[in-house]
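Worksheet: the structure to be examined is printed underneath.
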Amino acid sequence: MDTGRKIIIVVMDGLGDRAVKELGYRTPLQAATKPNLDWFARNGTSGCMDVIGPGIRPGSDTSHLAILGYDPFTVYTGRGPFEAAGVGLMGKNGDIAFRCNFATVDHKMDVLDRRAGRIKEPDTGELVKALDGLEVNGFEAVVKEATEHRAVLLLSGSGLDPRVTDADPHAVAKVQTSRPLVPEAKRTADAVNEFVRRSYEILDAHPVNVRRRMEGLLPANVLLPRGAGTFPDLEPFRKKHGLAGSCVAGVSLIKGICRVCGLDIVEAPGATGGLDTDMASKANTALRELERKDFVLMNVKAADIVSHDGNARRKIEVIERLDSMAGILKDGLPEGAAIAFCADHCTPVTRMDHSGDPVPLTIYSETSIKDGVKSYDEVSCASGALGRTRGKDLLPIMVDKVDRSKKFGA
Ligand code: ZN
Ligand code: ZN
1 MDTGRKIIIV VMDGLGDRAV KELGYRTPLQ AATKPNLDWF ARNGTSGCMD VIGPGIRPGS
61 DTSHLAILGY DPFTVYTGRG PFEAAGVGLM GKNGDIAFRC NFATVDHKMD VLDRRAGRIK
121 EPDTGELVKA LDGLEVNGFE AVVKEATEHR AVLLLSGSGL DPRVTDADPH AVAKVQTSRP
181 LVPEAKRTAD AVNEFVRRSY EILDAHPVNV RRRMEGLLPA NVLLPRGAGT FPDLEPFRKK
241 HGLAGSCVAG VSLIKGICRV CGLDIVEAPG ATGGLDTDMA SKANTALREL ERKDFVLMNV
301 KAADIVSHDG NARRKIEVIE RLDSMAGILK DGLPEGAAIA FCADHCTPVT RMDHSGDPVP
361 LTIYSETSIK DGVKSYDEVS CASGALGRTR GKDLLPIMVD KVDRSKKFGA
């Protein structure tokens, strides 16, 4: 029965943590004041979640695939295609996407600066226009600018194979010749090398670079591809789960994953993917989107950023801002809706990187059993009635909470 009840998943990126000595061996979540998140824990059902699997350290890309109900081990094909989709460049299954850097090279193709003097828009936008639509070794190259000195390259045509090495040397060194890792990938590697060579020919004399040299700036005279990945063939989200969905996120990688899965991307005014992001705007945008959709995924990046900096105090501040956002969601939650609060992975401030620890999870709907958990944190949630779940089980659980699940058997 289609009840039309709504689902919202709030992913607080990198939120989970470990015991921190300077906090009296509490986690930042345990140390923070967060009345709204605790309200959801008290009135909902909690557990801890291995987003991919026990002890597996997720990237933000693989973890979001799992949270959207996909098995990352079968559908993840590398970061390139999701980055491309994040800036609006969607390929077909079989197309190959690369992440690229604008760099500065000399005539011997030695890299002088991997970021081309930190070039950004509008210069990068002008330069990609000169490369977009090139034909390389029988394939079409589509190029689009991304944030700062970055761009994405999409190769399309038949017979592509992503098993090639990077042209980007990842250091101040000679531009690498892309090599095939399997014989079938030789045409693709040749196309990458031709693209790099042509990019130098075209960009070195480009008016933008002539001007940059006159201004004493480094020219962005080559585009270096890396991280080849083929566009995955995913079952569209709507078909898989029977839900029309949207994503509210600031970070382009997360937008890309959601777009490839078939979610609509909605922009929240003031959402930046950074620490300065407008969390209230994100919550209000998500609530508005739920008026016409069945499902919304929200991602807020801030906790992950301060965790990579190893800053426990600032993580507590971010959690308190996230809590205000949770308050807006609490006040505006549509009747009958189910909401989940979780993280895509832990980013312990002591490790300054992602870990394989399970993340705290609370699911609330009006009919949730109250399992006695009083606080939304790693320790309290672990004693909740949801026990230990996996990321890819979250969506089926949510679909069932709103009575939209299909019966298995008679
Ligand atoms: Zn993440
Ligand atoms: Zn991270």
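In this text, residue positions in the sequence shown follow this note's numbering: the first is 1, and each later residue adds one.
The C-beta atom is built at its ideal place from N, Cα and C for all residues, glycine as well.
{"Check": "Three-state class that DSSP yields for D400 in the structure shown", "Outcome": "helix"}
{"Check": "Beta carbon of D166 nearer than 8 Å to that of P225", "Outcome": "yes"}
{"Check": "Residue environment, F408, which counts as buried when at least 16 other CB atoms sit within 10 Å", "Outcome": "exposed"}
{"Check": "G229 classed as buried or exposed, judged by whether at least 16 other C-beta atoms fall within 10 angstroms", "Outcome": "buried"}
{"Check": "Limits of the beta strand (DSSP E) - the one that K144 falls within", "Outcome": "F139 to E145"}
{"Check": "Three-way DSSP call (helix, strand, coil) for N36 in this model", "Outcome": "helix"}
{"Check": "contact_flag[the stretch 349-363, the stretch 3-18] where n(CB pairs < 8 Å) is 3 or more", "Outcome": "yes"}
{"Check": "Range covered by the beta strand (DSSP E) that runs through G245", "Outcome": "G245 to V248"}
{"Check": "Contact test: S178 Cβ vs ligand 1 heavy atom, cutoff 7 Å", "Outcome": "no"}
{"Check": "Residue closest to V152, alpha-carbon to alpha-carbon, out of L223, D204 and D190", "Outcome": "L223"}
{"Check": "Backbone secondary structure at A268 - three-state DSSP", "Outcome": "coil"}
{"Check": "Nearest-angstrom Cα separation, counted from I265 out to N284", "Outcome": "15 Å"}
{"Check": "Sufficient close CB pairs (3 or more, under 8 Å) joining the stretch 229-249 to the stretch 86-102", "Outcome": "yes"}
{"Check": "Alpha carbon of P396 to alpha carbon of M325, nearest angstrom", "Outcome": "25 Å"}
{"Check": "Any non-hydrogen atom of ligand 2 within 7 Å of S60 CB", "Outcome": "yes"}
{"Check": "Beta-bridge pairing of S46 - partner residues as DSSP gives them", "Outcome": "T362"}
{"Check": "Residue closest to A244, alpha-carbon to alpha-carbon, out of R404, A340 and G47", "Outcome": "R404"}
{"Check": "Cβ-based neighbour list, V260, same chain, cut-off 8 Å, excluding 5 preceding and 5 following", "Outcome": "P81, F82, A85, M90, F231, P232 and L234"}
{"Check": "4 or more residues per run - each alpha helix (DSSP H) lying fully within the stretch 307-360", "Outcome": "312-332"}
{"Check": "Residues that DSSP places opposite L223 in a beta bridge", "Outcome": "F102"}
{"Check": "Meets three-Cβ-pair contact criterion under 8 Å: the stretch 114-122 and the stretch 64-72", "Outcome": "no"}
{"Check": "Sequence-distant residues of its chain with Cβ nearer than 6 Å to H354 (five each side left out)", "Outcome": "R57, H345 and T347"}
{"Check": "Limits of the alpha helix (DSSP H) - the one that G133 falls within", "Outcome": "Neither: G133 is in no alpha helix (DSSP H) and is coded neither H nor E."}
{"Check": "CA-to-CA distance, R292 to A173, given in whole angstroms", "Outcome": "52 Å"}
{"Check": "Residue from G327, T188 and P28 whose Cα sits closest to the Cα of S156", "Outcome": "T188"}
{"Check": "Beta-bridge pairing of M298 - partner residues as DSSP gives them", "Outcome": "V10 and V248"}
{"Check": "Segment limits, beta strand (DSSP E) that includes A31", "Outcome": "Run containing A31: none in the beta strand (DSSP E); it sits in the alpha helix (DSSP H), P28 to A31."}
{"Check": "Exposure label - G44; buried when at least 16 CB within 10 Å", "Outcome": "buried"}
{"Check": "Counted within 10 angstroms of its Cβ, other Cβ atoms place S158 as buried (16 or more) or exposed", "Outcome": "exposed"}
{"Check": "Contact test: S63 Cβ vs ligand 1 heavy atom, cutoff 7 Å", "Outcome": "yes"}
{"Check": "Beta-bridge partners of K282, as assigned by DSSP", "Outcome": "According to DSSP, K282 bridges with nothing at all."}
{"Check": "Cβ neighbours of I202 in the same chain (closer than 6 Å, five flanking residues each side left out)", "Outcome": "A130"}
{"Check": "Cβ-Cβ distance between L290 and I8 below 8 Å", "Outcome": "yes"}
{"Check": "Close Cβ partners of N193 (< 8 Å) along its chain, the five nearest in sequence each way excluded", "Outcome": "A167, T177 and S178"}
{"Check": "Local Cβ density within 10 Å of T77, reported as buried at 16 or more and exposed below that", "Outcome": "buried"}
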